[in-house]
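K.L.:
Going by my numbering, the residue at position 43 of the sequence shown is 43; the numbering climbs one at a time, nothing skipped. We treat Cβ as the ideally placed atom computed from N, Cα and C, and that holds for glycine. Handing you this structure, nothing more for now.
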Amino acid sequence: MAKRKEVTEEELAKHSTEEDCWIVMHDLVFDVKSFLNEHPGGGDIILTYAGKDCTQDFEDIAHSDAARDQCNKLLVGYMAGAPEEAATKMMPTKAEVGGGGGAGGMLPVIVMILIAVIGYFVMNMGRH
């Protein structure tokens with residue numbers, strides 16, 4: 001990997017097109033231009049964050065550790081003013097950001113199944 005550079009907000013904002021697309025996650029700067037056509041959700045979703053920080057939205061989706069490893073391959077810098085470890089750290093794993101254990105990612109699915117089952121029984125109660 002090439003040496004990481006310190007990136008200012010102003011410089012980041014210049015990389016906001018399909019031809020030159022950088023994003024920030026966890027104070028790390030990624031050049032994602034080459035990944036736009038490969039992203040499973042399509043390149044347009046990434047382009048909405050071009051030249052911006054998308055940490056929260058990335059984490060809200062609960063991306064896998066494989067996705068995080070892919071990010072590390074695109075790492076080019078760190079944000080100016082970030083903690084010192086940003087100059088050498090890699091993208092955190094799901095466990096490191098609190099999404100690694102338990103059924104936390106499955107909770108919405110479990111809740112929806114429970115609602116569907118309860119609804120089924122309620123709807124069919126009067127038929128017997």
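Can you tell me whether Val32 is helix, strand or coil according to DSSP?
P.N.:
Of the three classes helix, strand and coil, the one that applies to Val32 here is coil, per DSSP.
K.L.:
Looking only at its chain, what residues have a beta carbon closer than 8 angstroms to the beta carbon of Gly102, apart from the 5 residues adjacent to it on each side?
P.N.:
With a pLDDT of only 47 at Gly102, under the threshold of 50, the placement of this residue in the model should not be trusted, and no figure is reported.
K.L.:
Of the residues Pro83, Glu85, Leu28, Ala50, which one's Cα is nearest the Cα of Arg68?
P.N.:
Minimum Cα distance to Arg68 is reached at Leu28.
K.L.:
Considering only residues of the same chain and omitting the five flanking positions on each side of Pro83, which have a CB-CB separation below 8 angstroms?
P.N.:
Result list for Pro83: Asp27, in chain order.
K.L.:
Could you check how far apart the C-beta atoms of Ala86 and Thr8 are, in whole angstroms? I think they sit under 8 angstroms.
P.N.:
Not quite, the Cβ-Cβ distance comes to about 13 angstroms (not below 8 angstroms), so this is no contact.
K.L.:
Please look up how many angstroms separate the CB atoms of Phe35 and Leu75, rounded, as I've assumed it's under 8 angstroms.
P.N.:
12 angstroms between Cβ atoms; not a contact.
K.L.:
Looking at Asp53 and Lys33, is the spacing between their C-beta atoms short of 8 angstroms?
P.N.:
Result no, Cβ atoms of Lys33 and Asp53 do not sit closer than 8 angstroms.
K.L.:
Give the single residue among Met25, Asn37, Met112, Met123 whose Cα lies nearest to the Cα of Tyr49.
P.N.:
Of the candidates Met25, Asn37, Met112, Met123, the one whose C-alpha sits nearest the C-alpha of Tyr49 is Met25.
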